[in-house]
Amino acid sequence: MKKLRLLAVTTACCILALAAQSCSDDTTNPATQIEVFAEMTSRSVTSMRSDDSHSIKQTFGDIADSIHISKVRILVKRLKLHRSAEDTVSGDKEVKAGPFLITIDSAGQRSVTNSTIQDGTYDKVKFEIHRFSSSEISTYLNDPIFADFVTGDRYSTIIDLKVYKSGQVFPFSFRSEATSNLSLALNPGLTINNSNVGALLLQLQPSLTFRLGADILDPRDPRNKKDIENGLKKAIRALKR
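So for the sequence shown, numbering that gives the first Met the number 0 puts the first residue at 0; every next one is plus one.
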């Protein structure tokens, strides 16, 4: 009987100790609001090709004179921040669990998401460009936000634009099924605390997406699709806002 009482007292003490530790962790690791924004550096991409007849074509696909982008939508599964080596706490902290869209349009900088994250200094942004699985179609088919991403080939990226070539304008929607995990450095790092509410900017540089050498890749030509998809991964950078 005495052993049972001793066991009960010991168990109760352990529970109280864990609760105290939990409260201590909450106090020593406070959380602060962070907001994530997105923008394009420019809505237009123009050719760098000169009129010199000796200029060498850079791509096997068709080229355009210029491109004007009206909207970019990228489907993301999750977004995380990675603590810097100087921070006393290590590991990734989730900012947003998906799916959600990074949407960039003519409105300029726009808020993508906001969340609460533990205070600290972060030097890397990680996110997954996502594609819905076939089993997710029924879940999002009637959702106006995600409907375009569950039809056809279940796209991960949709870019609405106009192609200018030989004096003509061609409206077009570039759609990609490519997925990737991006890890973007933040230099300098982003410090988040009560006196410094976090604000992160994801910036897209369309010239890196559609330009190959001096040429503008015509997104209507399927031969240019891989180059554009590879360019998109190189065209996104993360900045303190």
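A virtual CB, placed ideally from N, CA and C, is assigned to each residue, including glycine.
Quick caveat: nothing in here was measured; it's all calculated off a predicted structure.
Beta strand (DSSP E) containing Gly-119: first to last residue?
119-128
Same chain, Cβ closer than 7 Å to His-81, neighbours up to 5 away in sequence not counted
Asp-91, Tyr-121, Asp-122, Lys-123, Lys-125
Host beta strand (DSSP E) of Phe-169 (start-end):
167-175
Hey, how far is the Cα of Lys-232 from the Cα of Ser-179?
8 Å
Check the C-beta distance from Lys-95 over to Arg-77 and give it rounded, since I have them as a contact under 8 Å.
7 Å
Report yes if the CB atom of Ala-37 is closer than 8 Å to the CB atom of Val-111, and no otherwise.
yes
So, is Arg-259 buried or exposed, given that buried needs 16 or more other C-beta atoms within 10 angstroms?
Within the shown structure, residues of the chain are numbered from 0 to 240, placing residue 259 beyond reach of any answer.
Look at the alpha carbon of Asp-226 and the alpha carbon of Val-35, and state the distance between them as a whole number of angstroms.
28 Å
Within the continuous beta strand (DSSP E) that includes Ile-68, where are the two ends?
Its beta strand (DSSP E) spans residues 65-82.
Using DSSP bridges, identify the partner residues of Ser-250.
No statement about residue 250 is possible, as the shown extent of the chain runs from 0 to 240 and does not include it.
Is Tyr-154 helix, strand or coil when you go by DSSP?
coil
Among Pro-98, Gly-188, Asp-142, Thr-208, which has the Cα closest to the Cα of Leu-200?
Of the residues Pro-98, Gly-188, Asp-142, Thr-208, the one whose Cα lies closest to the Cα of Leu-200 is Gly-188.
Between which two residues does the alpha helix (DSSP H) containing Leu-231 stretch?
224-233
Distance, Leu-160 Cα to Ile-68 Cα:
4 Å
Closer than 8 Å to chain B by CB, Thr-45
No chain B is part of this structure, which consists of one protein chain only.
Alpha-carbon spacing of Arg-210 relative to Pro-29, whole angstroms:
44 Å
Using alpha carbons as the reference points, say which of Gly-60, Thr-190, Val-75 lies closest to Thr-102.
Val-75
I need the straight-line Cα distance from Ser-105 to Ile-66, nearest angstrom please.
Here the C-alpha atom of Ser-105 lies approximately 14 Å from the C-alpha atom of Ile-66.
What does the alpha-carbon distance come out to for the pair Arg-42 and Pro-218?
15 Å
For a test of the three-state rule: what should DSSP assign to Ser-110, helix, strand or coil?
strand
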